[in-house]
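Protein chains in written order, with our numbering: chain A, 1 to 115; chain B, 116 to 228.
Note that CB positions come from ideal geometry on N, CA and C, so glycine has one too.
Before any comments, here is the structure.
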Amino acid sequence: KAGVTQTPRYLIKTRGQQVTLSCSPISGHRSVSWYQQTPGQGLQFLFEYFSETQRNKGNFPGRFSGRQFSNSRSEMNVSTLELGDSALYLCASRTGTAATNEKLFFGSGTQLSVL
Amino acid sequence: GDSVTQMEGPVTLSEEAFLTINCTYTATGYPSLFWYVQYPGEGLQLLLKATKADDKGSNKGFEATYRKETTSFHLEKGSVQVSDSAVYFCALSPEAAGNKLTFGGGTRVLVKP
Chain A
1 KAGVTQTPRY LIKTRGQQVT LSCSPISGHR SVSWYQQTPG QGLQFLFEYF
51 SETQRNKGNF PGRFSGRQFS NSRSEMNVST LELGDSALYL CASRTGTAAT
101 NEKLFFGSGT QLSVL
Chain B
116 GDSVTQMEGP VTLSEEAFLT INCTYTATGY PSLFWYVQYP GEGLQLLLKA
166 TKADDKGSNK GFEATYRKET TSFHLEKGSV QVSDSAVYFC ALSPEAAGNK
216 LTFGGGTRVL VKP
């Protein structure tokens with residue numbers, strides 16, 4: 001079974017641009033979560049999608065958005081990029097059908113650098 | 116809000132040494148607690164978890180016990196190997212919010228032969 005796949009692996013953008021990151025969950029998983037990892041702030045929860053609906057949201061500005069498609073693949077978009085958006089963006093998936101605390105499977109991440 | 120505090124690294128050890136990484140948390144109710152590990156160039160992997168007080172999670176020789184009275188979930192391994200070199204993250208999930216994880220800052224562990 002293939003794991004969680006994130007593309008691209010690396011991205012370089014300039015301030016003010018926008019970027020779209022992609023995540024393909026494990027087959028059969030309907031929940032996709034996104035996390036931002038930076039040296040200063042550590043790992044922070046961005047949002048979770050389940051069956052194309054946002055189910056949870058972290059404390060990030062509206063420039064960060066996401067969506068999920070009917071095949072459970074998810075994209076996150078960051079508009080008007082700032083230098084502080086440079087980070088490793090991790091995607092995680094789970095079936096989403098268990099009540100709570102189901103095991104998350106993480107992808108290897110997309111490393112975004114904003115110049 | 117919820118928070119997780121873990122000891123800062125790096126922690127440098129010799130092979131076969133004893134490893135302890137301290138983790139304490141602040142949360143309402145009864146969160147579930149986790150340890151995740153991140154090897155170089157890879158995403159996070161769940162190492163172990165505990166969902167209620169006094170539960171002990173264990174995996175690959177690592178152990179951690181959910182201590183409600185001290186709000187702690189310290190990670191231990193009796194004899195580390197070079198392959199245990201990685202960054203370890205303590206995390207919690209609120210009882211009602213499922214997998215909205217709050218992570219500690221991570222502890223880098225380097226095991227030398």
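Lys103 of chain A versus chain B: which residues are under 7 angstroms apart at the beta carbon?
-> Leu161
Neighbourhood of Ser86 of chain A by C-beta distance below 8 angstroms, restricted to the same chain and skipping five residues each side | Beyond the five residues adjoining it in sequence on each side, Ser86 of chain A comes within less than 8 angstroms, by CB distance, of Thr38, Leu112, Ser113, Val114 in the same chain, given in chain order.
Counting pairs of beta carbons, one from the region 12 to 26 of chain A and one from the region 116 to 129 of chain B, are three or more of them closer than 8 angstroms?
-> no
Buried or exposed: where does Asp199 of chain B fall if 16 or more other Cβ atoms within 10 Å of its Cβ makes it buried?
-> buried
Name, please, each residue of chain A whose Cβ falls closer than 8 angstroms to the Cβ of Glu157 of chain B.
-> Ser108
Just by C-beta distance, which residues in the region 68 to 93 of chain A are closer than 8 angstroms to chain B?
-> Look at the region 68 to 93 of chain A: the residues with a C-beta under 8 angstroms from a C-beta of chain B are Leu90, Ala92.
What's the call for Asn59 of chain A, buried or exposed, on a 16-neighbour Cβ count within 10 Å?
-> Counting C-beta atoms within 10 angstroms of its own C-beta, Asn59 of chain A has fewer than 16 neighbours from the protein chains shown and is therefore classed as exposed.
Just the chain A side, please: which residues come within less than 7 angstroms of Gly144 of chain B by C-beta, in chain order?
-> Simply none; closest approach about 12 angstroms.
Cβ-based neighbour list, Asn214 of chain B, same chain, cut-off 8 angstroms, excluding 5 preceding and 5 following = Ser208.
Status (buried if at least 16 other CB within 10 Å, exposed otherwise) for Ser93 of chain A | buried
Please work out which residues of its chain come closer than 7 angstroms, Cβ to Cβ, to Gln17 of chain A, disregarding the five sequence neighbours upstream and downstream, and give them in chain order.
-> Setting aside the 5 residues that flank it on each side, Gln17 of chain A is surrounded in the same chain by Leu81, each with a C-beta closer than 7 angstroms to its C-beta; the list follows chain order.
Establish whether the CB of Lys76 of chain B and some CB of chain A are separated by less than 8 angstroms.
-> No information on residue 76 of chain B is available, as it lies outside the stretch 116 to 228 that chain B covers here.
With 16 other CB atoms within 10 Å as the buried threshold, where does Phe133 of chain B fall?
-> exposed
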